[in-house]
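Engineer: One structure coming up, written as structure tokens, with questions to follow.
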Amino acid sequence: MTNPLQRVGRPPEEAMKSIRAALCRAALCLVMLAGAASQAFAGPPFFTDDPEPVEFRHYEIYAGAEYTHDGDEVSGSLPFVEINFGAAPNLQLSGNLPLAYQRASSTPAAYALTSLEFGAKYRFVPEDAGRPQISIYPQVVFGSSGPGGSGAPQYFVPLWAQKSYGPWTIFGGGGRWFNAAPPNQDFWFSGLCVQHDLPGGALVGIEVYHSTPEAFNTSDRTGVGAGFIAPIGHHHAILASFGRGIHGDNTFAGYVAYEFMLGPK
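Position in the sequence shown counted from 1, then plus 90, gives you my numbering.
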């Protein structure tokens with residue numbers, strides 16, 4: 091879910107370039123005409139993603155868990171594994187394999203592999219002093235009929251942008267989910283995140299995200315969240331976030347992951 095916070099272990103200058111945002115206004119304005127909170131390939135540990143691809147011939151590997159509590163239902167993934175690879179300059183290929191669980195008061199608990207997620211992030215505008223970095227990040231989710239699975243492929247076509255201002259970085263954007271399997275429907279997702287560098291390489295961020303109705307007879311949703319990335323040396327990091335719905339579903343969401351980075355020196 092691409093690191094919305096600094097790529098831990100990189101030099102400060104490169105790290106600052108590493109997370110930009112700002113067609114936020116343009117992208118956000120276009121996308122905020124609607125939006126949703128599905129977390130396929132968000133920018134760990136956030137729902138909102140950033141436009142920076144992994145460096146060429148480098149890997150980012152995440153292993154962790156997600157938790158969602160919505161009324162009488164608890165769901166999430168435990169564990170999930172996400173791999174991002176810099177396949178070419180400005181091009182990232184991604185894969186995500188979650189083992190999902192779901193438990194509601196009226197149904198038995200379920201635990202199964204529910205989806206396979208793949209994406210390709212391409213940065214077509216680099217950041218400079220006067221403009222943001224911009225990427226497109228089409229994704230496909232092959233679903234199953236297990237807990238939380240839709241049983242049909244879903245597609246997400248978002249635009250993300252970022253701009254840095256000293257220790258501050260703003261990133262955001264959004265796009266359209268094509269959500270074929272009834273009773274689901276197509277919907278929009280948008281988000282905006284502000285992050286700040288801390289001494290020692292750690293980073294903190296806050297975000298707001300919005301989605302239009304994801305299924306018939308449901309409402310739009312807006313949520314807020316906060317998260318951090320704490321480096322452990324140059325190749326490891328701990329990520330965590332939590333968030334809550336403030337409009338629509340009163341959902342609580344949590345995320346924790348370990349990140350390992352590989353690549354040529």
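Glycine residues also receive a C-beta, built at the ideal position from the N, C-alpha and C atoms.
If we ignore side chains and look at the alpha-carbon of each, how far apart do F246 and P188 end up?
Structural biologist: Here residue 246 is taken as the residue at index 156 of the sequence shown, counted from 1. Here residue 188 is taken as the residue at index 98 of the sequence shown, counted from 1. Each residue's alpha carbon lies about 17 Å from the other.
Engineer: By alpha-carbon positions, which one of I173, P248, I226, P198 ends up nearest to D162?
Structural biologist: Position 72 of the sequence shown holds residue 162. When each option's Cα is compared against that of D162, the closest is P198.
Engineer: Residue ranges of each beta strand (DSSP E) run of no fewer than 3 residues wholly in the region 237-279, ordered along the chain?
Structural biologist: 244-255, 258-269
Engineer: Specify whether the region 171-183 and the region 283-293 touch according to this definition: at least 3 beta carbon pairs, one from each stretch, less than 8 Å apart.
Structural biologist: no
Engineer: Thinking Q182 and V230 are a contact (beta carbons under 8 Å), I'd like their distance in whole angstroms, please.
Structural biologist: Within the sequence shown, numbered from 1, the residue matching residue 182 stands at position 92. Within the sequence shown, numbered from 1, the residue matching residue 230 stands at position 140. Rounded, the Cβ-Cβ distance is 15 Å, inconsistent with contact.
Engineer: According to the neighbour-count rule (16 or more other Cβ atoms, all chains shown, within 10 Å of its Cβ), is H300 buried or exposed?
Structural biologist: As a first step, residue 300 must be located in the sequence shown, where it is residue number 210. By the neighbour-count rule (16 or more Cβ atoms within 10 Å), H300 is buried.
Engineer: Can you tell me the Cα-Cα spacing of Y255 and M351, whole angstroms?
Structural biologist: What you label residue 255 is simply residue 165 of the sequence shown in a count that begins at 1. What you label residue 351 is simply residue 261 of the sequence shown in a count that begins at 1. Y255 and M351: Cα-Cα distance of roughly 26 Å.
Engineer: Cβ-heavy atom distance between E349 and the ligand MG below 6 Å?
Structural biologist: Within the structure as shown, the ligand MG is missing, as the structure has no ligands at all.
Engineer: Is it true that the CB of F342 sits closer than 7 Å to the CB of H148?
Structural biologist: In the sequence shown, residue 148 corresponds to position 58, counting from 1. In the sequence shown, residue 342 corresponds to position 252, counting from 1. In this structure, F342 does not lie closer than 7 Å to H148 by Cβ.
Engineer: Under 7 Å, do K211 and S195 count as touching if we go by C-beta distance?
Structural biologist: Counted from its first residue, the sequence shown places residue 211 at position 121. Counted from its first residue, the sequence shown places residue 195 at position 105. No, these two residues do not count as a Cβ contact at 7 Å.
Engineer: The beta strand (DSSP E) that contains R147, what's its start and end?
Structural biologist: Within the sequence shown, numbered from 1, the residue matching residue 147 stands at position 57. Unbroken run through R147: none, as it is neither H nor E.
Engineer: Quick one: using the 10 Å Cβ neighbour count with 16 as the cut-off for buried, is A124 buried or exposed?
Structural biologist: In the sequence shown, counting from the first residue as 1, residue 124 sits at position 34. Below a pLDDT of 50, predicted positions are generally treated as unreliable, and A124, at 32, falls in that range; no measurement from the model is reported.
Engineer: Between Y157, V164, N186, G315, which lies nearest to F170 when the distance is taken from Cα to Cα?
Structural biologist: Position 80 of the sequence shown, counted from the first residue, corresponds to residue 170. Nearest option by C-alpha distance: N186.
Engineer: Just to confirm the assignment, what range does the beta strand (DSSP E) spanning R193 have?
Structural biologist: Within the sequence shown, the letter at position 103 stands for residue 193. R193 -> beta strand (DSSP E) spans 181-194.
Engineer: If you count every other CB in all the chains shown that lies within 10 Å of the CB of W258, and 16 or more means buried, which is it?
Structural biologist: Taking the sequence shown and counting its residues from 1, the one referred to as residue 258 is at position 168. W258 comes out exposed.
Engineer: Given a threshold of 16 other Cβ atoms within 10 Å of its Cβ, counted over all protein chains shown, does G323 qualify as buried or as exposed?
Structural biologist: Residue mapping note: residue 323 aligns to position 233 of the sequence shown, counting from 1. Under this definition G323 is an exposed residue.
Engineer: Helix, strand or coil: how does DSSP classify G161 here?
Structural biologist: By one-based count along the sequence shown, residue 161 stands at place 71. Coil.
Engineer: Assign D218 to one of two classes, buried (16 or more other C-beta atoms within 10 Å of its C-beta) or exposed (fewer than that).
Structural biologist: Numbered from 1 along the sequence shown, position 128 holds the residue referred to as residue 218. Its Cβ having fewer than 16 others within 10 Å, D218 is exposed.
Engineer: Below 7 Å between beta carbons: does that hold for P303 and D310?
Structural biologist: In the sequence shown, residue 303 corresponds to position 213, counting from 1. In the sequence shown, residue 310 corresponds to position 220, counting from 1. Yes, the pair counts as a contact, with Cβ atoms nearer than the cut-off.
Engineer: Sorted by chain position, which residues of the same chain lie with C-beta nearer than 6 Å to F208's C-beta, five sequence neighbours on each side aside?
Structural biologist: In the sequence shown, the residue the question calls residue 208 occupies position 118. G185, V230.
Engineer: In whole angstroms, give me the CA-to-CA distance for G34 and L293.
Structural biologist: Look at the range of the chain in this structure, 91 to 355, and you will see that residue 34 is not part of it.
Engineer: Return yes when the Cβ of P243 is within less than 7 Å of the Cβ of F232, no when it is not.
Structural biologist: On the sequence shown, position 142 is the one that residue 232 refers to. On the sequence shown, position 153 is the one that residue 243 refers to. Closer than 7 Å, so yes.
Engineer: Look up P289 in the DSSP assignment and say whether it is helix, strand or coil.
Structural biologist: By one-based count along the sequence shown, residue 289 stands at place 199. In the structure shown, P289 sits in a helix (DSSP, three-state: H, G or I).
Engineer: Classify A219 as helix, strand or coil using the three-state DSSP reduction.
Structural biologist: Indexing the sequence shown from 1 puts residue 219 at position 129. In the displayed model, A219 falls within coil according to three-state DSSP, outside both helix and strand.
Engineer: Anyone know if the C-beta pair for A347 and G154 falls short of 7 Å?
Structural biologist: Locating residue 347 in the sequence shown gives position 257, counting from the first residue. Locating residue 154 in the sequence shown gives position 64, counting from the first residue. It is a contact, given that the beta carbons lie within the stated cut-off.
Engineer: Please go through the same chain and pick out, in chain order, the residues whose beta-carbon is closer than 6 Å to the beta-carbon of R221, but skip the five residues on each side of it.
Structural biologist: Your numbering for residue 221 matches position 131 in the sequence shown. Within the same chain, no Cβ atom closer than 6 Å to the Cβ of R221 is found once the five residues on either side in sequence are excluded.
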